[in-house]
């Protein structure tokens, strides 16, 4: 059985170059798709189920890390999760995290010798994979990678513009932060505000014990969680005290919820 | 410096800043000038007593100085430069001379009477003396005001030049930062490495653009302006590198009419705007888009447009802050004052549109 791979890289020449280098270092590898953005990478990976993924970290729309997280979330249970290799020109935090989590990565410009080592490791990994699902492990590593952002000062209040004025909302009143297109929806017991600070910039400023990330785009106040239920498809959903919404829990964060 | 609460009750003079040391220096210089006039008068008419001349001269000089040198700060047009505009300036000098002549004469007369400087002959005020005093006051008032103004103007222009140079250096440093930003640098090098294998002539062209792009920051010349042609060449170098990196996701067009090519513009003025359009507009957009830079004239002004069809800007940029827009604005204000403007528009179609208007210098 031949090994298959998918390349996600937004710069066409670099995608070509990686493919050429791989052809030299691993002639048996078949590239089943080359895509230029994160959303296409998730779609193609789900459709073609390759054995290896090469994901560039910075891509338009969805970046490599987020694309991998979304893929892990939507990956069918029981199927072996692909081996992940991240590709980056320079991302200090990410590289440190890759080292810590033993996740494979290559630096651009891709050097033949470095790629050969990666290939050897991948072949080893795929040979040993056998019938082990690998999904739980991948989910675990990705969760750690995504939380690698350095902690910063605690946010005390949210400032949201409402018409011509600024409404100041104490963080202790907030139940949910939810990413919505270019905005973040901030939900309190009775109100809803829109702010423009991206969720990934807000997250390091929130107390991780107080606020739990339950999905790529959702952060909830842990103390306000009422029920967590599993539907027929195996997906988790939660409800909050004081809010009518039913919020999806991603596979990445399902570990947060187990009966004591 | 925190504004005193009294500002609220004195809005017309809120911005008045008077430096006591420079005022004292001006007063002393005025007095030296007055003493010189009195000595000159005494030399012409040695039969007249010296003290009344000196008392009149100093009194008139002091009153004129007070009105002109202190009064000039209270004109709205001197808020920034310290000197009023031409017409209010003439009115101020005329006012200072009149006040100096009337008030100063009265003060001089009072001093002479009090201290008995008129001597045995008492006060002699022939009509010819009044005329002479008026002429001397007028000429001296205009002369010394002009002297102070030209000294100040030289200093002001020097400061302006230093400011312009500082802005040009800042623009160059900012570009250097972009060039050495690891993602820009390593991705560009990775593309170059890939091209060397598959298309050496194209790799060579890419390297040429990269060299020219790097040279623009390391250039030893400290010019504050350069021709539009050079500015567009630098943009082309940068855009060529980005076009190779982004492939079909980026298309661009630089429109420079030949008659505008030699027109001087501040160095690297458009560079940060084009970088913004790429970094925050087109790079994050999955399908990419188009960047257009246009130089044109409109209503006697030079108009420069940077238009992209990217994702559009987040809130802070729409309000004109951040992403280097503030620096570009500051730079325009230093070099052209209110004659230059920068406008940021979020077109109804997705994307962004920055327009700069400058005074047209016809060579």
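Chains as they are written, first to last, in this note's numbering: chain A, -7 to 252; chain B, 1171 to 1533.
Note that CB positions come from ideal geometry on N, CA and C, so glycine has one too.
Cβ of residue i within 8 angstroms of any chain B Cβ
i                      : result
residue 194 of chain A : no
residue 101 of chain A : yes
residue 0 of chain A   : no
residue 19 of chain A  : no
residue 72 of chain A  : no
residue 53 of chain A  : yes
residue 254 of chain A : Chain A is shown from -7 up to 252; residue 254 of chain A falls before or after that span and cannot be answered.
residue 4 of chain A   : yes
residue 152 of chain A : no
residue 85 of chain A  : no
residue 50 of chain A  : yes
residue 8 of chain A   : yes
residue 223 of chain A : no
residue 233 of chain A : no
Simplified DSSP state of residue i, which is helix, strand or coil
i                       : result
residue 236 of chain A  : coil
residue 13 of chain A   : helix
residue 18 of chain A   : coil
residue 172 of chain A  : strand
residue 1198 of chain B : helix
residue 270 of chain A  : Absent from the model: residue 270 of chain A. The displayed extent of chain A is -7 to 252, so no value can be given.
residue 1258 of chain B : helix
residue 1264 of chain B : helix
residue 166 of chain A  : strand
residue 185 of chain A  : strand
residue 1215 of chain B : coil
residue 1389 of chain B : coil
residue 113 of chain A  : helix
residue 1433 of chain B : coil
residue 1284 of chain B : helix
residue 146 of chain A  : coil
residue 93 of chain A   : helix
residue -6 of chain A   : coil
N- and C-terminal bounds of the beta strand (DSSP E) containing residue i
i                       : result
residue 219 of chain A  : 217 to 222
residue 1528 of chain B : 1522 to 1529
residue 46 of chain A   : 44 to 48
residue 1422 of chain B : 1420 to 1425
residue 159 of chain A  : 157 to 162
residue 32 of chain A   : Run containing residue 32 of chain A: none in the beta strand (DSSP E); it sits in the alpha helix (DSSP H), 30 to 40.
residue 1513 of chain B : 1511 to 1515
residue 98 of chain A   : 96 to 99
residue 205 of chain A  : 203 to 207
residue 1474 of chain B : 1471 to 1478
residue 211 of chain A  : 210 to 213
Test: residue i CB closer than 8 angstroms to a CB of chain A
i                       : result
residue 1352 of chain B : yes
residue 1365 of chain B : yes
residue 1244 of chain B : no
residue 1459 of chain B : no
residue 1359 of chain B : yes
residue 1448 of chain B : no
residue 1454 of chain B : yes
residue 1414 of chain B : yes
residue 1417 of chain B : yes
residue 1516 of chain B : no
residue 1356 of chain B : yes
Residue interval of the alpha helix (DSSP H) (run including residue i)
i                       : result
residue 1235 of chain B : 1220 to 1235
residue 1497 of chain B : 1495 to 1506
residue 1454 of chain B : Element bounds for residue 1454 of chain B: n/a, residue is neither H nor E.
residue 1410 of chain B : 1398 to 1416
residue 1443 of chain B : 1441 to 1446
residue 3 of chain A    : Premise fails: residue 3 of chain A is in no alpha helix (DSSP H) and is neither H nor E.
residue 194 of chain A  : 191 to 194
residue 1481 of chain B : Residue 1481 of chain B -> no alpha helix (DSSP H), and no H or E assigned at all.
residue 131 of chain A  : 127 to 138
Three-pair Cβ contact test at 8 angstroms for the stretch 1426 to 1446 of chain B versus the stretch 1394 to 1407 of chain B:
Result yes; three or more Cβ-Cβ pairs closer than 8 angstroms.
Cβ contact check for the stretch 1494 to 1506 of chain B and the stretch 1465 to 1484 of chain B: 3 or more pairs under 8 angstroms:
Using a Cβ-Cβ distance cut-off of 8 angstroms, the stretch 1494 to 1506 of chain B and the stretch 1465 to 1484 of chain B are not in contact, since fewer than three pairs of beta carbons, one from each stretch, lie closer than that value.
Taking 8 angstroms as the cut-off, does the stretch 1272 to 1288 of chain B touch the stretch 1226 to 1244 of chain B (at least 3 CB pairs, one atom from each stretch)?
Result yes; three or more Cβ-Cβ pairs closer than 8 angstroms.
Contained alpha helix (DSSP H) runs [length at least 4] in the stretch 1311 to 1379 of chain B, N- to C-terminal order
The stretch 1311 to 1379 of chain B contains these whole alpha helix (DSSP H) runs: 1352 to 1368.
Meets three-Cβ-pair contact criterion under 8 angstroms: the stretch 1371 to 1382 of chain B and the stretch 1402 to 1419 of chain B:
Segments in contact, yes.
Pairs of beta-carbons, one from the stretch 95 to 106 of chain A and one from the stretch 68 to 82 of chain A, closer than 8 angstroms: are there three or more?
In the pairwise beta carbon analysis, the stretch 95 to 106 of chain A is classified as touching the stretch 68 to 82 of chain A: at least three pairs are separated by under 8 angstroms.
Sufficient close CB pairs (3 or more, under 8 angstroms) joining the stretch 40 to 48 of chain A to the stretch 10 to 28 of chain A:
Judged by pairs of C-beta atoms under 8 angstroms, the stretch 40 to 48 of chain A touches the stretch 10 to 28 of chain A, as three or more such pairs exist.
Decide yes or no for the touch test of the stretch 1242 to 1260 of chain B against the stretch 1206 to 1226 of chain B: beta carbon pairs closer than 8 angstroms, at least 3 of them.
Cβ pair count under 8 angstroms is below three, so no.
Inter-stretch contact (C-beta, 8 angstroms, three-pair minimum) for the stretch 244 to 251 of chain A and the stretch 132 to 140 of chain A
Contact between the stretch 244 to 251 of chain A and the stretch 132 to 140 of chain A is present, with at least three C-beta pairs closer than 8 angstroms.
Should the stretch 1364 to 1371 of chain B be regarded as contacting the stretch 5 to 24 of chain A, the criterion being three or more beta carbon pairs within less than 8 angstroms?
Yes: the two stretches touch, three or more of their Cβ pairs being nearer than 8 angstroms.
Contact between the stretch 1384 to 1393 of chain B and the stretch 1338 to 1358 of chain B: three or more CB pairs below 8 angstroms?
When C-beta atoms of the stretch 1384 to 1393 of chain B are compared with those of the stretch 1338 to 1358 of chain B, three or more pairs fall below 8 angstroms, so the two segments count as touching.
Quick one: any contact between the stretch 1502 to 1512 of chain B and the stretch 1445 to 1458 of chain B, if contact means 3 or more CB pairs under 8 angstroms?
Verdict: no, contact absent.
Stretch-stretch touch, CB-based, cutoff 8 angstroms, three pairs: the stretch 1260 to 1271 of chain B with the stretch 1196 to 1205 of chain B
As far as the Cβ criterion goes, the stretch 1260 to 1271 of chain B does not touch the stretch 1196 to 1205 of chain B, which means the pair count is below three.
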